[in-house]
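A short write-up of the structure that comes next.
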Amino acid sequence: MDSLVKSASTDIRSLTINQEILLFDGVCNLCNGAVQFILDHEKPNSQLTFTSLQSQTGQTLLQKFNLSTQQFDSLVLVVGERFYTESTAALRLARKLKRIWSWLYWLIIIPKPIRDWGYKLIARNRYKWFGQKESCMIPTPELKARFLD
4 MDSLVKSAST
14 DIRSLTINQE
24 ILLFDGVCNL
34 CNGAVQFILD
44 HEKPNSQLTF
54 TSLQSQTGQT
64 LLQKFNLSTQ
74 QFDSLVLVVG
84 ERFYTESTAA
94 LRLARKLKRI
104 WSWLYWLIII
114 PKPIRDWGYK
124 LIARNRYKWF
134 GQKESCMIPT
144 PELKARFLD
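Going by the working numbering, the sequence shown opens with residue 4, and the numbers climb by one from there.
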């Protein structure tokens, strides 16, 4: 078992050095919609890959950054050896989008506690307002290479 964990952590280390990874709640309709929106509106040079918080890769990354592996109340954006959550993750993602969508990044000037209050309000109510799936999203064959597992 230890060798399996060690192997997984080695793979994760090599993954995160040169990649940007978005961890999202795989059963959340809002989160799945956000991933689809990103895929449809990202800039052509985007290197962003995706994995659900519930996946093995997602769980390993959460452990690596000492984040909860049970409470999925935030997107997590991993950039190299750093991670971002809540409104900061969402706004950093906006910079990767085309046209006017990238302008949303300017909301970063709003103090983080205020931004995160709004983010947490939506996160707390996302299942009630948008619903949830029985299982995680399965990417289409064309998009499979963008998803880690």
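C-beta atoms are modelled at their ideal positions from N, C-alpha and C, and glycine is treated no differently.
| request: Rounded to whole angstroms, what's the CA-CA distance from Pro-47 to Leu-64? Just pull it up for me. | output: Stepping through the sequence shown from its first residue, residue 47 is reached at position 44. Stepping through the sequence shown from its first residue, residue 64 is reached at position 61. Between Pro-47 and Leu-64, the C-alpha separation is close to 26 Å.
| field | Cβ pair Tyr-108, Leu-124 closer than 8 Å | value | Locating residue 108 in the sequence shown gives position 105, where the first residue counts as 1. Locating residue 124 in the sequence shown gives position 121, where the first residue counts as 1. No; because the gap between Cβ atoms is not below 8 Å, this pair is not in contact.
| message | Can you tell me whether Asp-43 is buried or exposed? The criterion is at least 16 other CB atoms within 10 Å of its CB, across all chains shown. | response | What you label residue 43 is simply residue 40 of the sequence shown in a count that begins at 1. Exposed, because fewer than 16 other Cβ atoms sit within 10 Å of the Cβ of Asp-43.
| said: So, for Ala-126: in the same chain, excluding its five sequence neighbours on each side, which residues have a beta-carbon less than 6 Å away from its beta-carbon? | reply: To locate residue 126, count along the sequence shown from 1; it is residue 123. Result list for Ala-126: Asp-76, in chain order.
| By Cβ distance, which residues of its chain are closer than 6 Å to Gly-61, with the 5 residues on each side in sequence left out? | Counting from 1 along the sequence shown, the entry for residue 61 is found at position 58. Closer than 6 Å at Cβ, skipping near neighbours: Leu-26, Thr-54, Ser-55.
| Proximity to Ser-105 [Cα-Cα], best of Ile-117, Ile-41, Glu-145 | Counting from one through the sequence shown, the residue named residue 105 turns up at place 102. Taking only the C-alpha atoms, the option nearest Ser-105 is Ile-41.
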